[in-house]
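Protein chains in written order, with my numbering: chain A, 121 to 518; chain B, 36 to 271. Think of the CB as a built atom: it goes at the ideal place given N, C-alpha and C, for glycine as much as any other residue.
Written as structure tokens, this is what we have:
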């Protein structure tokens with residue numbers, strides 16, 4: 121036996137002709153916090169429902185803490201604390217009454233039940249509202265009640281379906297802290313489409329799309345898989361109108377893919393967003409370019425590409441059409457393919473750039489340069505929609 | 036067993052945590068009291084038979100109302116998922132629910148006892164028919180609760196559950212009311228499945244095995260259907 125707390129083997133689930141889940145396999149080891157990521161309808165909830173024995177898979181099997189979902193569903197349920205999506209609770213009950221009910225259902229009575237309820241309520245800071253009706257509670261507090269009910273029997277495994285959805289940022293931060301705390305001693309699976317949350321809370325991320333597993337990695341590695349960072353360069357604007365010159369100088373730095381001007385935050389500044397071709401660090405080269413080109417560098421910032429871009433890249437086809445990915449392996453193939461495409465495009469770009477710099481020597485008018493930039497934008501982008509999207513996302517984040 | 040008790044207890048208390056129990060029980064008592072006492076003195080006989088008649092009649096309407104939410108509401112809010120993913124079997128959930136409503140029904144039955152005592156104070160009341168009458172009501176109630184539970188298991192809309200259960204209840208009530216109009220061959224069957232015909236003997240103080248088994252079978256079958264329906268979520 122492995123050290124896996126949760127084991128899913130080729131899980132499939134079909135609703136009639138629709139495949140909600142197709143051959144999903146993964147393992148979660150003891151004490152791991154696993155983020156389950158995917159667009160709506162990707163199969164996150166279905167997987168969780170299978171693991172909690174609410175529904176049965178149509179193919180494959182799974183076990184939790186050594187108990188099989190088919191052979192020993194009671195054993196599975198005993199090992200799991202579960203918080204379904206949107207926190208369904210008996211709203212007409214008092215918080216304490218509800219926790220007593222849960223404790224009883226879990227087989228605890230008398231002082232043992234009281235002890236456990238007290239502990240769960242303390243962990244989730246429910247002290248103030250313990251005598252209130254659940255219907256009177258805010259969403260944040262309801263979420264805590266939901267977590268408390270999942271903790272009463274101190275399960276080794278917690279399964280939380282979108283524990284943060286619908287919470288305001290403060291509540292979300294509190295719940296996140298709570299989950300982190302809980303995750304220190306337990307195996308946690310949480311599903312979400314909030315990528316920030318995954319980055320903060322999870323040790324590992326599974327990305328699921330259209331019922332299939334498309335990635336299984338740590339958040340850092342996933343980000344690296346996209347292989348890219350972007351740079352934001354702030355240059356002093358001496359109002360001599362040489363932004364075009366600076367832009368081209370930056371564009372000529374080795375390893376730079378694309379330079380795009382951005383709206384400046386303050387007067388006297390020029391801001392450029394730079395996309396590199398590969399994953400090498402460009403900061404030294406950019407600095408030297410400034411020295412050689414005699415412009416003043418006010419700021420140079422390297423930003424790792426967000427998980428959002430990776431997420432989007434993995435869960436949507438290029439151009440948005442859904443493309444079947446047979447298995448994880450083929451997803452990898454796809455990546456390689458995309459990389460190859462990109463390389464080809466880079467070469468084309470380089471040629472274009474050389475041409476552009478030639479033109480510059482003939483002192484092209486700024487308008488002409490602009491149309492150039494536009495055509496570059498329109499023409500080259502088709503080759504790689506994914507990376508373009510991510511650039512836009514970066515922009516939005518600012 | 037503990038699980039069943041816990042679920043039944045929660046279900047029972049949930050009626051009294053909200054307004055449902057108070058509304059249903061008070062309306063029930065008002066209507067029953069009105070119907071019963073209106074005609075009681077005309078008969079000039081100290082018998083509870085009329086009360087059992089009206090009680091059984093009202094059941095066809097109140098029991099669909101108290102059972103409609105049993106599973107439908109839990110499905111709508113999603114609490115069913117939390118309930119079922121605790122270490123309980125589907126059967127325990129269904130039986131617990133059934134017993135929870137039965138508890139409420141027993142409360143309704145107990146609350147009609149003052150009527151019986153009033154009758155007894157007005158004249159010589161024969162205990163046998165009273166016992167048999169309550170026994171019949173219990174059986175009829177169980178069958179109707181089973182039907183309501185089954186209807187509630189197929190939908191997540193309480194209103195649909197209510198009207199479906201009402202349709203079944205009214206069917207079992209009316210089925211022998213138009214016997215002469217029915218084809219001759221169907222008549223014995225229709226009479227057999229009528230709830231009223233099975234209550235008839237018990238109102239007169241006779242508890243027959245045949246009638247008892249009939250109601251228990253209906254209740255059992257309905258509960259089984261509810262169980263299958265709940266279980267079907269796993270495979271659909």
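Tell me, please, which residues DSSP counts as bridged to residue i.
i, result
"residue 253 of chain A", "A:214"
"residue 269 of chain A", "DSSP lists no partner for residue 269 of chain A."
"residue 49 of chain B", "Paired residues: none, contrary to the question."
"residue 350 of chain A", "A:423"
"residue 147 of chain A", "A:127"
"residue 382 of chain A", "A:391"
"residue 156 of chain A", "A:311, A:326"
"residue 200 of chain A", "A:277"
"residue 396 of chain A", "A:376"
"residue 135 of chain A", "A:138"
"residue 179 of chain A", "A:132"
"residue 188 of chain A", "A:183"
"residue 356 of chain A", "A:389"
"residue 417 of chain A", "A:355"
Which word fits residue i, buried or exposed, when buried means at least 16 other C-beta atoms lie within 10 angstroms of its C-beta?
i, result
"residue 189 of chain A", "buried"
"residue 78 of chain B", "exposed"
"residue 404 of chain A", "exposed"
"residue 221 of chain A", "buried"
"residue 243 of chain B", "exposed"
"residue 231 of chain A", "exposed"
"residue 137 of chain A", "exposed"
"residue 146 of chain A", "buried"
"residue 490 of chain A", "Reliability fails at residue 490 of chain A, whose pLDDT of 43 lies under 50, so the model's placement of it is uncertain and the value that follows must be treated cautiously. Residue 490 of chain A comes out exposed."
"residue 76 of chain B", "exposed"
"residue 383 of chain A", "exposed"
"residue 377 of chain A", "buried"
"residue 47 of chain B", "buried"
"residue 387 of chain A", "exposed"
"residue 256 of chain A", "exposed"
"residue 90 of chain B", "buried"
"residue 167 of chain A", "buried"
"residue 349 of chain A", "buried"
"residue 30 of chain B", "No statement about residue 30 of chain B is possible, as the shown extent of chain B runs from 36 to 271 and does not include it."
"residue 167 of chain B", "buried"
"residue 85 of chain B", "buried"
"residue 126 of chain A", "buried"
"residue 219 of chain B", "exposed"
"residue 263 of chain B", "exposed"
Below 8 Å on the Cβ atoms is my contact criterion, and I expect residue i with residue j to pass it. Report the Cβ-Cβ distance as a whole number of Å.
i, j, result
"residue 275 of chain A", "residue 195 of chain A", "Actually they do not touch by this definition, with Cβ atoms about 12 Å apart."
"residue 125 of chain B", "residue 226 of chain B", "Contact doesn't hold; Cβ gap of about 35 Å is too wide."
"residue 324 of chain A", "residue 338 of chain A", "6 Å"
"residue 245 of chain A", "residue 180 of chain A", "Going by Cβ atoms, the distance from residue 245 of chain A to residue 180 of chain A rounds to 39 Å, so no, they are not a contact pair."
"residue 247 of chain B", "residue 148 of chain B", "With a Cβ gap of about 22 Å, residue 247 of chain B and residue 148 of chain B do not count as contacting."
"residue 101 of chain B", "residue 139 of chain B", "6 Å"
"residue 177 of chain B", "residue 137 of chain B", "7 Å"
"residue 280 of chain A", "residue 203 of chain A", "5 Å"
"residue 409 of chain A", "residue 369 of chain A", "6 Å"
"residue 163 of chain B", "residue 240 of chain B", "5 Å"
"residue 128 of chain A", "residue 144 of chain A", "6 Å"
"residue 312 of chain A", "residue 148 of chain A", "Residue 312 of chain A to residue 148 of chain A, Cβ: 16 Å. No contact."
"residue 258 of chain B", "residue 181 of chain B", "5 Å"
"residue 392 of chain A", "residue 379 of chain A", "5 Å"
"residue 225 of chain A", "residue 120 of chain B", "Contact doesn't hold; Cβ gap of about 10 Å is too wide."
"residue 261 of chain B", "residue 192 of chain B", "Not confirmed; about 16 Å, so no contact."
Could you tell me whether the Cβ of residue i comes closer than 8 Å to any Cβ of chain C?
i, result
"residue 276 of chain A", "Here chain C cannot be found, since the structure's protein chains are A and B."
Could you check whether the Cβ of residue i sits closer than 7 Å to any heavy atom belonging to the ligand PLP?
i, result
"residue 156 of chain A", "Ligands are entirely absent from the displayed structure, and the ligand PLP is therefore not among its contents."
For this session: Report the residue ranges of all alpha helix (DSSP H) runs contained in full by the segment 278-342 of chain A; include only those spanning at least 4 residues, in chain order.
Result: Counting only runs of 4 or more, we get 289-303, 315-321.
Cβ-based contacts, 7 Å cut-off: residues of the segment 53-72 of chain B near chain A: Closer than 7 Å at the C-beta level to chain A, one finds these residues of the segment 53-72 of chain B: 53.
- [ ] Anything in the segment 166-192 of chain A with a Cβ closer than 7 Å to a Cβ of chain B? List those residues in chain order, please.
- [x] Against chain B - using a Cβ distance shorter than 7 Å - the residues of the segment 166-192 of chain A are 172, 173, 174, 175, 176.
What are the start and end residues of each continuous alpha helix (DSSP H) run of 4 or more residues lying completely inside the segment 128-212 of chain B, in chain order?
For the segment 128-212 of chain B, whole alpha helix (DSSP H) runs of length 4 or above, ordered along the chain, are 148-157, 162-188, 193-209.
Notebook entry, point to check: Name the residues in the segment 254-277 of chain A whose C-beta lies less than 8 Å from a C-beta of chain B; which are they?
Noted result: Listed by position, the residues of the segment 254-277 of chain A near chain B (Cβ gap below 8 Å) are 269.
Between the segment 129-147 of chain A and chain B, which residues of the former have a C-beta closer than 9 Å to a C-beta of the latter? So the close ones are 135, 136.
Original post:
When Cβ atoms are compared, which residues of the segment 106-122 of chain B fall closer than 7 Å to chain A?
Top reply: Per Cβ criterion, the list reads 112, 113, 114, 116, 117, 119, 120, 121, 122.
Interfacial residues, the segment 185-201 of chain B to chain A, with Cβ spacing under 7 Å: None of the residues of the segment 185-201 of chain B has a beta carbon lying less than 7 Å from any beta carbon of chain A.
Review point. Closer than 9 Å, Cβ to any Cβ of chain A: which residues of the segment 79-108 of chain B, in chain order?
Key: Against chain A - using a Cβ distance shorter than 9 Å - the segment 79-108 of chain B contributes no residues.
What are the complete beta strand (DSSP E) segments, minimum 3 residues, inside the segment 67-117 of chain B? Counting only runs of 3 or more, we get nothing.
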